[in-house]
Amino acid sequence: MSSQHAQDLLKRVKKASFPGGIYNEYLHKIVLEKIRGFKNVEITFDFPVTALIGANGSGKSTVLGAAALAYKMVPPRRFFPKSPNFDKDMHGWRIRYSIINKGSSMQRTASFREQRWKRSSPLPDRKVAIFGISRTVPASEQLRFLKFARNDAVDSNALAKEELVTKHLFEILGISSEYEALYPEEGEGVDFLVARKPESSIAYSEFHFGAGESSLARMILTIHSLPKESLILIEEVENGLHPIAVTRFVEYLLEVAKKKNHQVIFTTHSSYALDPLPDIAVWALIEGRAAQGKIDIQVLRRLFGKTPDEVRLVVFVEDKVAQIFLKEIARSDDPDLSQVLDIYPVSGQGNVKKLTKAHNENPSVKKRAIGFLDGDAKTPVDDGGIYKLPGTYAPEKYLLSEVLKAQDSGKAVIEKIAANLRLNSAQANKLAEELKKIPKSIDPHKIPSKIAHSFGLEEEDVIKAFAFTWATEIDRQTASKIRKILEDNLQSL
C-alpha cells in the first residue's frame with residue numbers, strides 16, 4: 040500500500056471510536072439475509088474506500104445495490120427492478136443495515152414482500168452518488184447530446200472553467216488540456232464539456248473525448264459538488280481506463296475520502312484498483328459467499344471447495360515468493376508431491392490463518408488446508424495447521440543470506456544458481472559479485488527484481504533458482520522436514 044492517503048485513513052480507522060465518533064454518516068455493515076444468490080452473508084465496511092471483487096455474476100452489483108437501498112434518495116428500482124412475469128423469487132428478500140446517521144448508531148432493514156420493497160423508517164437522508172457502467176458510452180452515441188451538434192447549441196461565454204478537472208485529469212490520465220463545462224439552467228450535473236489545448240488555439244468538444252476522459256471529468260465534477268460524508272458508488276471503477284490510470288483514480292478516491300469524509304464503494308475486475316488499498320478494504324465474492332482481503336478468485340474457489348481432482352492438499356502462504364519457495368521445496372526430492380498441492384498466496388499472515396481456518400471448518404470442503412507463514416512472522420504458530428517457512432526474516436532475504444553463507448564456506452552454490460538460470464561462466468562470476476553488493480538494509484521484496492534486472496531475467500525464475508538450490512544444495516535437512524509436514528498432512532486426509 041503506497042498511498043499516503045490510504046495510510047492516513049487507516050490511522051483513522053484504527054481509532055476506538057470508528058466509525059461512530061469519527062463519522063456522522065457512515066454505512067458500517069450489511070447483512071444479506073436473502074437476496075439473489077446470497078443467504079446470511081455479512082459484509083462490514085471497515086475502511087472508507089471499499090473494493091468489491093469477484094468473477095462475473097458473483098454478486099458485486101448486488102452488494103453495491105444493497106448499500107444504496109439503505110438511503111432515502113435511492114429508489115429500490117434503481118438496482119432491483121421487478122419483472123412481473125419472471126422475477127417471482129424476489130419474495131422474501133431481506134437486507135439488514137448498521138448505520139451511523141447524524142452521529143448516532145441505527146439499525147435498518149429493506150425487504151421485498153407483498154410485491155413491493157418496504158424499508159424501515161425513517162430512512163437516513165444521505166447524499167448518494169451512483170456511477171453506473173453507462174457513464175463510458177461516448178457522447179456521439181447518446182441521444183441526449185445530439186442537440187449540441189447544432190451551431191447555436193453552445194454559447195462559449197456560458198462555459199465555466201473547471202480547474203479541478205484540468206488538474207485531476209492530468210494527474211490521472213496525463214492529459215494536458217484545460218476543461219470547461221456548460222451547466223443546465225435547472226437541475227444538477229453537467230450538460231456538455233469542452234477541452235482546450237493550452238499551447239495552441241485548438242479546442243474540441245465532448246464528442247471527441249475518449250470514453251475514460253469524459254466519464255472521469257463528469258465524475259470529478261459530481262464528486263466535488265457533493266456535501267461532506269456522502270456515499271459514492273461506482274460500477275467497475277476501471278471502465279474506460281488504462282491500468283496505471285485505474286490505480287491513480289483509486290488514489291484520487293482515497294484523497295477525497297480523507298478530505299471530505301466521503302465513503303466510497305466500488306466494484307472491479309482489476310488488480311490495479313486494489314494496489315493502493317489495505318487488505319481490510321477489499322471484499323471478494325464468489326458463489327454467494329464473501330471473504331475479506333485481497334484474495335485471488337482461484338483462492339476463493341479453493342476456499343469454497345472447488346479444487347481439481349488431482350489436488351489433495353490446499354496450502355495458503357503469504358505471497359508469491361513464499362509460494363515459489365514451497366513449490367521448489369516440494370519438487371526438489373519428489374516431483375510428484377508438488378503435483379498434488381495447490382499453493383496459493385493470500386496477502387499476509389492474517390489471511391493465511393483466517394483462510395486456513397475457514398477452509399477446514401467448511402463442511403462442504405472435502406480437502407484439507409494448511410498454512411505456511413514467512414519466517415519473520417511475529418504471530419505464533421498453532422495446532423490448527425499453521426506452520427512457518429525457515430529463517431527469521433522474509434524468504435527473499437533468507438535465501439540470499441543462506442546462499443552467501445554457503446558460498447563463503449566453499450560450496451559452489453552460486454554456480455548452481457547460474458546454471459539453473461542458464462548463465463555462462465562470466466555471468467556466473469558477475470552474479471557472485473552482484474549478490475555481495477546487495478545492501479543488508481534493502482527492502483527484502485526488492486532483492487529478486489534487482490538480481491533479475493541486472494541479467495535481463497524474470498523475477499520468478501530468479502526465485503525458483505535460489506529456492507531449488509537451497510533445497511538441494513544448502514539445507515537438505517530443513518527441506519526434508521518441510522516435505523514431511525506436507526506428506527503427513529496428505530496422509531491425514
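Be aware that the sequence shown starts at 40, since it is given in my numbering, and climbs by one per residue. Just so it is clear, CB atoms sit at the ideal spot from N, CA and C, and this is done for glycine as well.
For residue j and residue i, the rounded distance between their alpha carbons
| i | j | result |
| --- | --- | --- |
| residue 298 | residue 399 | 42 angstroms |
| residue 385 | residue 357 | 5 angstroms |
| residue 276 | residue 519 | 46 angstroms |
| residue 504 | residue 456 | 5 angstroms |
| residue 293 | residue 320 | 11 angstroms |
| residue 103 | residue 475 | 52 angstroms |
| residue 265 | residue 258 | 11 angstroms |
| residue 52 | residue 85 | 7 angstroms |
| residue 136 | residue 156 | 15 angstroms |
| residue 325 | residue 288 | 26 angstroms |
| residue 231 | residue 183 | 10 angstroms |
| residue 40 | residue 448 | Residue placement at residue 40 is poorly supported in this model, since its pLDDT is 43, which falls under 50; the coordinates still yield a value, given next. Straight-line Cα distance between these residues: approximately 39 angstroms. |
| residue 531 | residue 467 | 43 angstroms |
| residue 150 | residue 122 | 17 angstroms |
| residue 459 | residue 397 | 38 angstroms |
| residue 105 | residue 69 | 8 angstroms |
| residue 309 | residue 446 | 42 angstroms |
| residue 54 | residue 260 | 31 angstroms |
| residue 82 | residue 427 | 30 angstroms |
| residue 58 | residue 304 | 16 angstroms |
| residue 233 | residue 285 | 23 angstroms |
| residue 364 | residue 506 | 5 angstroms |
| residue 307 | residue 247 | 26 angstroms |
| residue 11 | residue 435 | Past the edges of the chain, shown from 40 to 532, lies residue 11, and the structure says nothing about it. |
Counterpart residues of residue i in DSSP-defined beta bridges
| i | result |
| --- | --- |
| residue 112 | Answer is none; residue 112 lacks a bridge partner. |
| residue 59 | 62 |
| residue 156 | 151 |
| residue 83 | 68 |
| residue 429 | Beta-bridge pairing links residue 429 to no other residue. |
| residue 303 | 88 and 271 |
| residue 170 | 273 |
| residue 262 | Its beta-bridge partners do not exist; DSSP assigns none. |
| residue 143 | 140 |
| residue 199 | 220 |
| residue 73 | 78 and 133 |
| residue 325 | 328 |
| residue 244 | 233 |
| residue 93 | 324 |
Residue i, buried or exposed, once every other Cβ within 10 Å from all chains shown has been counted against 16
| i | result |
| --- | --- |
| residue 302 | buried |
| residue 241 | exposed |
| residue 495 | exposed |
| residue 224 | exposed |
| residue 207 | buried |
| residue 352 | buried |
| residue 181 | exposed |
| residue 330 | buried |
| residue 433 | buried |
| residue 185 | exposed |
| residue 382 | buried |
| residue 127 | exposed |
| residue 497 | exposed |
| residue 159 | exposed |
| residue 485 | exposed |
| residue 227 | exposed |
| residue 388 | buried |
| residue 23 | Outside the displayed range of the chain (40 to 532) lies residue 23, so it cannot be described from this structure. |
Residue range of the unbroken beta strand (DSSP E) whose run includes residue i
| i | result |
| --- | --- |
| residue 353 | 352-356 |
| residue 140 | 133-140 |
| residue 388 | Looking at the DSSP string, residue 388 is not in any beta strand (DSSP E); the run it does join, the alpha helix (DSSP H), is 388-400. |
| residue 232 | 231-235 |
| residue 412 | 408-412 |
Element boundaries [alpha helix (DSSP H), containing residue i]
| i | result |
| --- | --- |
| residue 283 | 282-299 |
| residue 530 | 515-530 |
| residue 383 | Taken as a continuous stretch (DSSP letters only), residue 383 belongs to no alpha helix (DSSP H), being part of the beta strand (DSSP E) at 380-384. |
| residue 494 | 486-494 |
| residue 45 | 43-52 |
| residue 506 | 498-508 |
| residue 459 | 452-459 |
| residue 370 | 359-370 |
| residue 447 | 434-447 |
Chain C within 8 angstroms of residue i, Cβ atoms only
| i | result |
| --- | --- |
| residue 359 | As a matter of chain content, chain C is missing from the structure shown, which is built from one protein chain. |
- Message: Is it the case that the stretch 105-114 contacts the stretch 323-335, given that we only count it when at least three CB pairs across the two stretches are under 8 angstroms?
- Response: Short answer: they don't touch.
- Message: With three or more beta-carbon pairs closer than 8 angstroms as the criterion, would you say the stretch 186-198 touches the stretch 137-144?
- Response: When Cβ pairs closer than 8 angstroms are counted between the two stretches, the stretch 186-198 is seen not to touch the stretch 137-144, the count staying below three.
- Message: Using a Cβ distance threshold of 8 angstroms, determine whether the stretch 197-217 contacts the stretch 154-173, with at least three qualifying pairs required.
- Response: These segments do not touch.
- Query: For the 8 angstroms Cβ check, are there 3 or more pairs between the stretch 309-318 and the stretch 42-49?
  - Reply: As far as the Cβ criterion goes, the stretch 309-318 touches the stretch 42-49, which means the pair count is three or higher.
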